[in-house]
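Numbering (our numbering), first residue to last: 18 to 113.
These notes are about the structure you will find just below.
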(Lines of atoms letter the chains of each structure in order from A and count residues from 1; the text may use other names and numbers.)
(Lines give C-alpha, C1' and ligand atoms only; values in the text may rest on other atoms or scores of the structure.)
Protein backbone atom coordinates (compact mmCIF):
# COMPACT_ATOMS: atom_id res chain seq x y z
CA UNK A 1 0.00 0.00 0.00
CA UNK A 2 2.91 2.35 0.66
CA UNK A 3 6.63 2.78 1.12
CA UNK A 4 8.01 2.66 4.68
CA UNK A 5 11.10 4.52 5.87
CA UNK A 6 12.93 4.32 9.19
CA UNK A 7 13.34 7.80 10.67
CA UNK A 8 14.64 9.43 13.83
CA UNK A 9 12.16 11.29 16.03
CA UNK A 10 14.50 13.97 17.37
CA UNK A 11 11.90 15.35 19.80
CA UNK A 12 11.43 12.07 21.68
CA UNK A 13 14.80 10.46 20.85
CA UNK A 14 13.42 7.31 19.27
CA UNK A 15 13.16 5.63 15.91
CA UNK A 16 9.83 5.68 14.10
CA UNK A 17 8.53 4.39 10.80
CA UNK A 18 7.06 6.78 8.25
CA UNK A 19 4.77 5.30 5.61
CA UNK A 20 3.98 7.28 2.46
CA UNK A 21 2.17 6.59 -0.77
CA UNK A 22 4.49 5.98 -3.72
CA UNK A 23 4.83 9.14 -5.85
CA UNK A 24 2.91 7.56 -8.77
CA UNK A 25 -0.11 6.84 -6.50
CA UNK A 26 -0.47 10.27 -4.82
CA UNK A 27 -2.66 11.70 -7.60
CA UNK A 28 -5.25 8.92 -7.21
CA UNK A 29 -7.96 10.09 -4.73
CA UNK A 30 -9.15 6.51 -4.12
CA UNK A 31 -5.62 5.36 -3.19
CA UNK A 32 -5.25 8.34 -0.83
CA UNK A 33 -8.62 7.55 0.77
CA UNK A 34 -7.67 3.88 1.28
CA UNK A 35 -4.26 4.89 2.65
CA UNK A 36 -5.88 7.07 5.33
CA UNK A 37 -8.50 4.39 6.02
CA UNK A 38 -5.67 1.87 6.62
CA UNK A 39 -4.05 4.18 9.19
CA UNK A 40 -7.36 4.78 10.97
CA UNK A 41 -8.11 1.05 11.09
CA UNK A 42 -4.66 0.24 12.52
CA UNK A 43 -4.93 3.04 15.08
CA UNK A 44 -8.21 1.58 16.37
CA UNK A 45 -6.54 -1.74 17.24
CA UNK A 46 -4.47 -2.63 20.29
CA UNK A 47 -2.50 -5.86 19.91
CA UNK A 48 1.15 -6.79 20.59
CA UNK A 49 1.60 -7.84 16.94
CA UNK A 50 0.12 -4.67 15.43
CA UNK A 51 2.13 -1.45 15.30
CA UNK A 52 0.91 1.73 16.94
CA UNK A 53 0.03 4.58 14.57
CA UNK A 54 1.15 7.85 16.17
CA UNK A 55 -0.10 10.36 13.60
CA UNK A 56 -1.52 10.93 10.14
CA UNK A 57 -0.02 14.10 8.67
CA UNK A 58 -2.25 16.61 6.90
CA UNK A 59 0.07 16.93 3.90
CA UNK A 60 -1.12 15.98 0.43
CA UNK A 61 0.61 12.61 0.69
CA UNK A 62 -0.60 12.09 4.29
CA UNK A 63 2.28 10.06 5.66
CA UNK A 64 1.65 7.79 8.63
CA UNK A 65 3.98 8.21 11.61
CA UNK A 66 4.20 4.78 13.23
CA UNK A 67 6.05 2.82 15.83
CA UNK A 68 9.30 1.34 14.51
CA UNK A 69 9.82 -2.36 15.18
CA UNK A 70 13.21 -3.97 14.53
CA UNK A 71 13.17 -7.23 12.68
CA UNK A 72 12.59 -8.77 9.30
CA UNK A 73 10.01 -7.43 6.86
CA UNK A 74 6.99 -9.55 5.97
CA UNK A 75 8.42 -9.69 2.47
CA UNK A 76 11.48 -11.46 3.91
CA UNK A 77 9.45 -13.74 6.21
CA UNK A 78 6.75 -14.96 3.83
CA UNK A 79 7.98 -17.50 1.26
CA UNK A 80 7.15 -16.89 -2.41
CA UNK A 81 4.51 -19.67 -2.37
CA UNK A 82 2.92 -18.48 0.87
CA UNK A 83 3.25 -19.34 4.55
CA UNK A 84 2.03 -22.46 6.33
CA UNK A 85 -1.02 -21.73 8.48
CA UNK A 86 0.71 -22.98 11.64
CA UNK A 87 3.56 -20.51 11.11
CA UNK A 88 1.18 -17.65 10.28
CA UNK A 89 -0.72 -18.32 13.53
CA UNK A 90 2.56 -18.27 15.45
CA UNK A 91 3.13 -14.70 14.29
CA UNK A 92 -0.48 -13.70 15.05
CA UNK A 93 -0.71 -15.12 18.56
CA UNK A 94 1.32 -13.22 21.20
CA UNK A 95 1.06 -16.13 23.67
CA UNK A 96 2.92 -18.59 21.39
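Backbone N, C-alpha and C fix where the C-beta goes; we use that ideal spot for every residue, glycine too.
Taking 7 Å as the cut-off, is the CB of residue 85 close to at least one heavy atom of the ligand FAD?
-> Looking at this structure, you won't find the ligand FAD or any other ligand, since it has none at all.
Helix, strand or coil: how does DSSP classify residue 101 here?
-> coil
Leaving aside the five residues before and after residue 91 along the sequence, list all residues of the same chain whose C-beta is less than 6 Å from its C-beta, in chain order.
-> none
Leaving aside the five residues before and after residue 38 along the sequence, list all residues of the same chain whose C-beta is less than 7 Å from its C-beta, in chain order.
-> 19, 48, 49, 52 and 78
Taking 8 Å as the cut-off, decide whether the C-beta atoms of residue 70 and residue 56 are in contact.
-> yes
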